[in-house]
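Please read the structure below before turning to the comments.
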Amino acid sequence: MKQFSAVIDIGANSMRLVIYSHIGFFRVQEVENVKMVAYLRNHLDNDSNLTSEGLVVLIDTLSSFQKVIKSYELDHFICAATSAIRMAENREDIKERVKKETGLTMTLLSEEEEAYYGYFAVVNSTSFEEGFTVDIGGGSTEITYFKDRELIHSHSFPFGSLTLMEFIDVNNSSNKQLDRLREFIYDHFSQLDWIDEKNVPIIGIGGSARNMVEIDQTYKDYPLAGLHQYEMFDSDIEQISQHLIKLNKKQTEDIEGLSKDRAESILPAMQVFYCLYNLTKASQFVLSRKGLREGIFYEQLSGNINRHLYHNVLQNSIEELIQEYELYPDQAAYNRDLTKKLYYPLIDSGLSSILSARDWDIMKYACDVYNLGSYVDSESSSQHSFYLLANRTIDGLTHKERLRLALLASFKNKNVYKRFLKPYKNWFSKSERQKLRILGAILKLAYSLNSTKRQVVSDVNVSVEEEKIFIECFCNQDYKPEAYQAEKQKKHLEKALNTQINISFHNH
1 MKQFSAVIDI
11 GANSMRLVIY
21 SHIGFFRVQE
31 VENVKMVAYL
41 RNHLDNDSNL
51 TSEGLVVLID
61 TLSSFQKVIK
71 SYELDHFICA
81 ATSAIRMAEN
91 REDIKERVKK
101 ETGLTMTLLS
111 EEEEAYYGYF
121 AVVNSTSFEE
131 GFTVDIGGGS
141 TEITYFKDRE
151 LIHSHSFPFG
161 SLTLMEFIDV
171 NNSSNKQLDR
181 LREFIYDHFS
191 QLDWIDEKNV
201 PIIGIGGSAR
211 NMVEIDQTYK
221 DYPLAGLHQY
231 EMFDSDIEQI
241 SQHLIKLNKK
251 QTEDIEGLSK
261 DRAESILPAM
271 QVFYCLYNLT
281 KASQFVLSRK
291 GLREGIFYEQ
301 LSGNINRHLY
311 HNVLQNSIEE
321 LIQEYELYPD
331 QAAYNRDLTK
341 KLYYPLIDSG
351 LSSILSARDW
361 DIMKYACDVY
371 NLGSYVDSES
381 SSQHSFYLLA
391 NRTIDGLTHK
401 ERLRLALLAS
411 FKNKNVYKRF
421 LKPYKNWFSK
431 SERQKLRILG
441 AILKLAYSLN
451 STKRQVVSDV
461 NVSVEEEKIF
471 IECFCNQDYK
481 PEAYQAEKQK
491 KHLEKALNTQ
501 INISFHNH
């Protein structure tokens with residue numbers, strides 16, 4: 001049965017309520033995401049006490065969130081506070097007032113816990129085995145390093161997007177100001193001996209990272225939907241920085257993809273990503289839409305802070321797609337086995353030098369979700385398959401990998417493939433484009449061998465003689481429909497490989 005869980009995140013800049021629906025550990029979806037800009041850090045007085053005005057903002061916002069929460073019957077709930085409340089000298093009084101006036105128990109996260117939850121969300125929503133995570137809040141910045149999905153190091157710096165604003169005059173910014181800010185960040189980062197040249201991805205978490213990605217997508221007129229696991233490089237960050245530095249506050253506020261409340265802090269915050277990228281000689285910058293709140297949520301579900309919720313992030317995502325679009329796991333497994341029996345002999349034959357055994361990594365998942373779009377409409381299943389897979393978040397896949405999966409799982413013929421590929425043609429080299437066409441044709445042929453879904457073909461033998469492909473299908477019952485479809489569909493692979501294919505069917 002569907003369950004609901006909620007997390008309230010009280011940050012230095014904003015407060016947010018997120019409610020998730022889920023079935024056990026699976027099919028997790030956001031059903032509510034309510035943000036309120038509170039600037040609690042600005043309500044700390046000279047003695048680092050949260051003022052009475054700040055307390056009113058805090059309690060009023062929490063009371064507003066409670067009205068949303070009452071619409072759901074929650075299985076898990078936590079109200080977590082980070083740097084602004086952590087810095088407040090009167091934090092215990094704040095917790096008591098919140099409990100008395102709202103009934104909510106506020107959990108104050110330590111610096112170590114805040115860093116841990118960001119890491120925990122990343123390893124449970126991406127397939128990275130090693131990397132740095134960086135989460136810039138309003139008043140602190142958390143950095144972790146993980147390897148083999150295990151947390152190795154973490155640190156929280158006492159500066160965030162709000163505190164770094166003092167380096168940049170938003171109405172009169174200059175490269176001199178930018179250099180001074182970068183020097184400040186480099187000085188702090190260099191204190192950690194584990195921030196060195198590891199040449200691994202940096203995974204950015206939080207609103208500043210998300211807004212930077214949205215700006216980059218706007219500038220590039222990006223054709224795919226979604227932000228999670230979007231990739232950027234240091235040159236992209238620098239290009240956006242140089243553009244922003246020429247703008248005043250009003251012009252910055254008008255940028256597509258940028259939240260108005262981040263107009264003053266986005267440029268300073270981006271320099272944290274830039275400096276960390278350069279110090280670590282990163283391979284790329286990747287956005288994770290999953291951060292602190294999801295880390296807390298995953299821990300609540302797992303019930304154990306040391307347990308990784310998802311052993312294989314991508315496999316879990318594929319299983320969720322199979323459930324959501326009412327595909328049949330036993331049919332998917334059977335089709336995967338047929339595809340494998342066609343695939344590896346063709347690899348071993350050397351008919352095409354651009355194919356390799358490593359391509360099976362994405363092919364096996366394409367087998368599971370092939371023709372997924374028939375759930376929407378069987379007549380136009382190829383178009384729906386491509387659109388659904390290319391434009392939805394699939395945890396464990398970067399955007400290019402997601403596009404590759406969509407092209408394979410929607411393969412119908414050469415013309416349709418080229419039409420789907422056209423907006424993204426520059427994403428792939430000529431040999432990559434040809435490879436995807438061949439792999440798609442193999443999938444198409446394999447699925448034709450199970451056209452009636454009776455699992456008629458019990459075994460397949462593939463041989464290559466004199467640059468001709470011979471496929472023997474051994475069957476356990478009447479195979480006429482499968483034989484007809486195979487003869488009809490083999491042409492796609494023949495044209496892709498520029499070779500002749502002979503298919504024969506036999507009773508087992």
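For the sequence shown, UniProt numbering gives the first residue as 1, with consecutive numbering after it. Backbone N, C-alpha and C fix where the C-beta goes; we use that ideal spot for every residue, glycine too.
Each of Leu276, Met15, Glu92 and Asp348 was checked against the Cα of glycine 138, and the nearest Cα belongs to Met15. With distances taken between CA atoms, lysine 340 lies nearest to Leu439 out of Leu439, Arg91 and Lys290. Taking 8 Å as the cut-off, the beta carbon of glutamine 489 is found no closer than this to the beta carbon of arginine 454. Shown here for valine 123: same chain residues with a beta carbon closer than 6 Å to its own, the five before and five after excluded, namely Arg149 in chain order.
Cα atoms of serine 174 and isoleucine 168: separation of roughly 8 Å, rounded to the nearest angstrom. Contact annotation, isoleucine 136 with glycine 206: C-beta distance approximately 6 Å; criterion of less than 8 Å satisfied. Rounded to the nearest angstrom, the Cβ distance from leucine 55 to isoleucine 94 is 7 Å, consistent with a contact under 8 Å. The Cβ atoms of serine 356 and valine 464 do not sit closer than 8 Å to each other.
Distance between histidine 188 and aspartate 196, taken at the CA atoms: about 13 Å. Per the Cβ contact rule, the stretch 431 to 445 is in contact with the stretch 493 to 506 (3 or more Cβ pairs under 8 Å). Valine 460 sits close to isoleucine 471, with the two beta carbons spaced by under 8 Å.
Counted as a single uninterrupted DSSP element, the alpha helix (DSSP H) harbouring alanine 390 occupies residues 381 to 390.
In the three-state reduction of the DSSP assignment, histidine 153 falls in the strand class. For tyrosine 20, the uninterrupted beta strand (DSSP E) run begins and ends at 14 to 23, by DSSP. Its chain contains Val7, Asp9 and Val18 as the residues whose beta carbon lies nearer than 6 Å to that of arginine 293, once the 5 sequence neighbours on both sides are disregarded; these appear in chain order. With fewer than 16 other Cβ atoms inside 10 Å of its own Cβ, phenylalanine 26 counts as exposed. In this structure the stretch 212 to 230 lies against the stretch 389 to 405, because at least three pairs of beta carbons, one per stretch, are closer than 8 Å. Within the model, the alpha-carbon separation for proline 158 versus proline 268 is close to 15 Å. Under the DSSP definition of a beta bridge, glutamine 29 partners with Ser21. The DSSP-derived three-state label of histidine 228 is coil.
Selection Asn13, Lys2 and Val28 evaluated against tyrosine 298 yields Val28 as nearest (Cα-Cα). Taking 8 Å as the cut-off, the beta carbon of alanine 406 is found no closer than this to the beta carbon of tyrosine 370. A direct Cα-Cα distance of roughly 9 Å separates leucine 287 from methionine 212.
When secondary structure is reduced to three states using DSSP, glutamine 455 falls in the coil class, being assigned neither helix nor strand. Sorting Met87, Ser63 and Gly295 by C-alpha distance to the C-alpha of asparagine 42 places Met87 at the top.
Separation of the CB atoms of glutamine 271 and arginine 182 is rounded to 5 Å, and the pair is thereby assigned contact status at 8 Å.
Nearest in C-alpha terms to alanine 263, of all of Lys250, Ser5 and Phe273, is Lys250. The bridge partners DSSP lists for asparagine 502 are Phe470.
With fewer than 16 other Cβ atoms from the protein chains shown falling within 10 Å of its own Cβ, histidine 311 counts as exposed.
Under DSSP, methionine 106 shares a beta bridge with Cys79. For lysine 147, the beta-bridge partners assigned by DSSP are Glu130 and Glu150.
Distances from the CA of lysine 468 to each of Ala486, Gln500, Asn450 and Cys475 were compared; the closest alpha carbon is that of Gln500. Under the three-state reduction of DSSP, threonine 393 is assigned to coil, being neither helix nor strand.
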